[in-house]
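Under our numbering, the very last position in the sequence shown is 1383; numbers go up by exactly one each time.
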Amino acid sequence: MKELQNPLSATFRIGFLGAGQLARMSGLQAFRYGIQIGVFSDRTENEPVQFMTPHSQSGSFDSVFDLVEFAGTCDVLTLENEFINSDILKEVQSESGTPIYPSPESFALIENKLIEKQTFEKAGIPVTPYSLVESEMDLADFGEEYGWPYLLKSSKGGYDGYGNKTVASIEEAKTAFDKLGGNKGHDIIAESFVDFTHELAVQVARNETGHMVYPCCETVQENHICVAVKSPAPVEEYIRKKARELALKATEAINGKGIFAFEFFLKRDGSLLLNESAPRPHNSGHYTIEGCVTSQFENHVRAVMGLPLGSSELRAPAVAMINLLGTDRRDAQVDISDEALGESDGHLHVYGKLDSKPGRKMAHYTLLGENMEETYKKAQRLTECIRI
C-alpha cells in the first residue's frame, strides 16, 4: 500500500467515494491546504462536488475495475456515503495500493445496521433493541415481545426516512417487509420504539495523531428527517459527557481513522442508547463549520491525510443549525433569504444541487449566539420564509 509522503503538496490528491454535499464541504477544506480533489460518482446527473474539480469519474460502486481505475489517480480515498461493500473496498485497496480511510476493515464492522449493532453490543455499548427478521413469525414475535408499533429497516442503504417503515400490525409489517426487499433476500431488521426525551449526536475525528470529540448536540427530527441541530444539547452536562465517552468508545471499537458520527436516544431514566453511526461527515455536524474551532469537514481531511487534528471546541455558547429542505419541484434557487444573510454571525450554505424537490436537503443555515433557546428561535424565524 502506498505511503503518504507529503500530503501538503500541490500534487497530492484526496479522492471521495461519493459526490454529494458532504464531499463538497470536505473538498472545500481540502482546497484550503492547496491540494487536489478527485471524485467518484455512481449517479447519471451531475452532483455538487463535480462542479469543483476536473478530476471526476463516474461508474459503479459494485465495479472493482471502475474503482481501481479511480483509485489509481488518487493518493488516498475516503468515504462520502456507505452505499458500498467492504469486500469491494478491500479488493480495491489491495489492487490499487491506494489507502482507504476509514479502512475497509473498520467499515466492515459497521457497514450495515445489523453488523453495526452487533459490533457495538460486543464492545459493551448499549444499543436500541433489535432483531433480524426473516419470516412472518419473526415479525409477529418481535411485535409481541416489544410491542406495536415498531420500526422495520433495510439493513443497508436507508437514510432520511428511506428504507424505514413504521408498522402497527402484522399486516402492515408483512407489506413493509416485502417493500423493503425482505422477500428478495435483503436483510431486514426490526427495532423497537424507544421512549426517549431527546435525540443526541456526537462526531469524533480520529487518526494516528490522536482524537477530537465534538460537543454533544441535539438533533430535531420530523418524519425521520433532521430539521435542526442545537449545540450544545439542552440536557444536563453529565449526559453530554456520557454521550461523548460512548462515541469515542465506539470509534475505538472499530479502530476508526477519519470522521465518524454517532446518534443516541436519551431515555427518560437518563440512560443512552446508540441508535446509528456513520463513517463519514454527518448532517448533525454541519453546525461545526462556523460553530467550532475546526469543522468536522476540516478534521475529516486532516484525519485521512494523517495530519494533526484541530480543536473541536465551540466558538460560541449557543449554535443553532436549520436544515433547509426543498419546497418546490423546480430548478434549484434560493428565494427570500435577505434577512437571514444580513444577520450578524448567521451563515447560509447552499449545496449546489441542480434540482429541488419537497423534502430534499438543499442547504443549511447556522446562527451563533449567547443563549440556546433565543438563538434557536431566531434561526427558525430567519429561515421560515426561505424557499429553495
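Glycine included, each C-beta is placed from N, C-alpha and C at the ideal position.
### Query
Do you know offhand how far V977's Cα is from A1018's?
Given a span of 996 to 1383 for the chain in the structure shown, any question on residue 977 remains unanswerable.
### Task
Spell out a yes or no on whether the region 1321 to 1328 and the region 1219 to 1227 are touching, meaning 3 or more CB-CB pairs, one atom from each, closer than 8 angstroms.
no
### Query
Around the C-beta of E1111, are 16 or more other C-beta atoms found within 10 angstroms, so that it is buried, or is it exposed?
To locate residue 1111, count along the sequence shown from 1; it is residue 116. E1111 is buried by the Cβ-count criterion.
### Task
Indicate the three-state DSSP secondary structure (helix, strand or coil) for N1318 in the structure shown.
Reading the sequence shown from its first residue, position 323 is the one you call residue 1318. N1318 falls in the strand class under three-state DSSP.
### Task
Indicate whether F1056 and I1079 have their beta-carbon atoms separated by less than 8 angstroms.
Looking up residue 1056 in the sequence shown gives position 61. Looking up residue 1079 in the sequence shown gives position 84. Yes, the Cβ-Cβ distance between F1056 and I1079 is below 8 angstroms.
#### Entry: First through last residue of the alpha helix (DSSP H) which encompasses N1294
As a first step, residue 1294 is located in the sequence shown; it is residue number 299 there, counting from the start. 1291 to 1300 is the span of the alpha helix (DSSP H), which, as asked, contains N1294.
#### Entry: Between the CA atoms of S1089 and I1220 - distance to the nearest angstrom
Your numbering for residue 1220 matches position 225 in the sequence shown. Your numbering for residue 1089 matches position 94 in the sequence shown. Computed Cα separation, rounded: 37 angstroms.
### Message
I want to know whether the region 1177 to 1192 touches the region 1124 to 1138 - three or more CB-CB distances under 8 angstroms.
### Response
yes
### Query
Based on the DSSP secondary-structure assignment, which residues constitute the bridge partners of T1214?
As a position in the sequence shown, residue 1214 is number 219, starting the count at 1. Per DSSP, V1224.
### Query
Is P1124 near Y1346, with beta carbons less than 8 angstroms apart?
Walking along the sequence shown from the start, residue 1124 turns up at place 129. Walking along the sequence shown from the start, residue 1346 turns up at place 351. Contact flag unset, no.
### Query
Should G1022 be labelled buried (16 or more other beta-carbon atoms within 10 Å of its own) or exposed?
The sequence position of residue 1022 within the sequence shown is 27, counting from 1. Per the 10 Å Cβ criterion, buried.
### Task
May I ask which residues mark the beginning and end of the alpha helix (DSSP H) holding M1207?
For this step, residue 1207 is matched to residue 212 along the sequence shown. Premise fails: M1207 lies in the beta strand (DSSP E), 1205 to 1208, not in any alpha helix (DSSP H).
### Alpha carbon of G1253 to alpha carbon of V1063, nearest angstrom
For the purposes of this step, residue 1253 is identified with residue 258 of the sequence shown, where counting begins at 1. For the purposes of this step, residue 1063 is identified with residue 68 of the sequence shown, where counting begins at 1. When rounded, the distance between both Cα atoms is 21 angstroms.
### Message
In the DSSP output, what is Y1145 paired with across the bridge?
### Response
Locating residue 1145 in the sequence shown gives position 150, where the first residue counts as 1. V1162, S1187, per the DSSP bridge assignment.
### Message
DSSP three-state label for S1339, please.
### Response
To locate residue 1339, count along the sequence shown from 1; it is residue 344. It is coil, neither helix nor strand.
### Task
Could you check what DSSP says for K1356 in three-state terms: helix, strand or coil?
Here residue 1356 refers to the residue found at position 361 of the sequence shown. DSSP places K1356 in strand when its eight states are reduced to three.
### Query
What are the partner residues of F1259, as DSSP defines its beta bridges?
Here residue 1259 is taken as the residue at index 264 of the sequence shown, counted from 1. Answer is L1195, L1269.
#### Entry: Beta-carbon spacing of L1072, G1142 below 8 angstroms
For the purposes of this step, residue 1072 is taken as the residue at position 77 of the sequence shown. For the purposes of this step, residue 1142 is taken as the residue at position 147 of the sequence shown. No; because the gap between Cβ atoms is not below 8 angstroms, this pair is not in contact.
### Query
Can you list the alpha helix (DSSP H) stretches of 4 or more residues lying completely in the region 1000 to 1067, in chain order?
1016 to 1027, 1059 to 1066
### Message
Taking 8 angstroms as the threshold (C-beta atoms), are T1370 and A1313 in contact?
### Response
On the sequence shown, position 318 is the one that residue 1313 refers to. On the sequence shown, position 375 is the one that residue 1370 refers to. Yes.
### Message
Suppose you measure from the CA of E1139 to the CA of T1114; what does that come to, to the nearest Å?
### Response
In the sequence shown, counting from the first residue as 1, residue 1139 sits at position 144. In the sequence shown, counting from the first residue as 1, residue 1114 sits at position 119. Taking the straight line from one Cα to the other gives about 26 angstroms.
### Task
Can you check DSSP and say which residues form a bridge with C1287?
As a first step, residue 1287 is located in the sequence shown; it is residue number 292 there, counting from the start. The partner list for C1287 (beta bridge, DSSP) reads L1309.
### Message
Assuming contact is defined by CB atoms lying nearer than 8 angstroms, are L1147 and P1274 in contact in what I supplied?
### Response
Looking up residue 1147 in the sequence shown gives position 152. Looking up residue 1274 in the sequence shown gives position 279. The answer is no: Cβ separation not under 8 angstroms.
### Task
Quick one: residues in its chain with C-beta nearer than 6 angstroms to the C-beta of S1036, no 5 flanking neighbours on either side, listed in chain order?
For this step, residue 1036 is matched to residue 41 along the sequence shown. So the qualifying residues of the chain are A1014, E1042, S1053.
### Task
Evaluate T1289 with the Cβ neighbour count: other Cβ atoms within 10 Å of its Cβ, from every protein chain shown; 16 or more gives buried, anything less gives exposed.
Reading the sequence shown from its first residue, position 294 is the one you call residue 1289. With 16 or more Cβ atoms within 10 Å of its Cβ, T1289 is classed as buried.
### Pair within 8 angstroms by beta-carbon distance, L1269 and I1105
Taking the first residue of the sequence shown as 1, we reach residue 1269 at position 274. Taking the first residue of the sequence shown as 1, we reach residue 1105 at position 110. It is not a contact, given that the beta carbons lie outside the stated cut-off.
### The alpha helix (DSSP H) enclosing V1087, as first and last residue numbers
Looking up residue 1087 in the sequence shown gives position 92. Segment 1081 to 1091, the alpha helix (DSSP H) holding V1087.
### Message
Considering only their Cβ atoms, is the gap separating L1267 from L1241 smaller than 8 angstroms?
### Response
Working through the sequence shown from its first residue, we reach residue 1241 at position 246. Working through the sequence shown from its first residue, we reach residue 1267 at position 272. Cβ distance < 8 angstroms, so L1241 and L1267 count as in contact.
### Task
Count the other CB atoms, across all protein chains shown, that sit within 10 Å of the CB of T1093; report buried if there are 16 or more and exposed otherwise.
Reading the sequence shown from its first residue, position 98 is the one you call residue 1093. Classification for T1093: buried.
### Query
Just how far apart, CA to CA, sit L1309 and T1361?
Here residue 1309 is taken as the residue at index 314 of the sequence shown, counted from 1. Here residue 1361 is taken as the residue at index 366 of the sequence shown, counted from 1. Rounded to the nearest angstrom, the two C-alpha atoms are 13 angstroms apart.
### Task
Identify, in the order they occur along the chain, each residue of the same chain with its Cβ nearer than 6 angstroms to the Cβ of M1316, setting aside the five sequence neighbours on each side.
For the purposes of this step, residue 1316 is identified with residue 321 of the sequence shown, where counting begins at 1. Within the same chain, M1316 has close Cβ partners V1224, H1281, Y1282, H1359, T1361.
### Message
Is any non-hydrogen atom of the ligand MG found closer than 7 angstroms to the C-beta of A1238, if you look at the structure I gave you?
### Response
This structure does not include the ligand MG; it has no bound ligands of any sort.
### Query
What residues in its chain sit with their C-beta under 8 angstroms from that of N1294, if we drop five residues either side in the sequence?
Counted from its first residue, the sequence shown places residue 1294 at position 299. If we look at N1294 and ignore the five residues flanking it on each side, its Cβ neighbours are A1200, M1207, I1254, L1304, G1305, S1307.
### Message
According to DSSP, A1200 sits in a beta bridge with which residue or residues?
### Response
Within the sequence shown, numbered from 1, the residue matching residue 1200 stands at position 205. DSSP, once it has assigned bridges, lists M1207, I1254 as partnering A1200.
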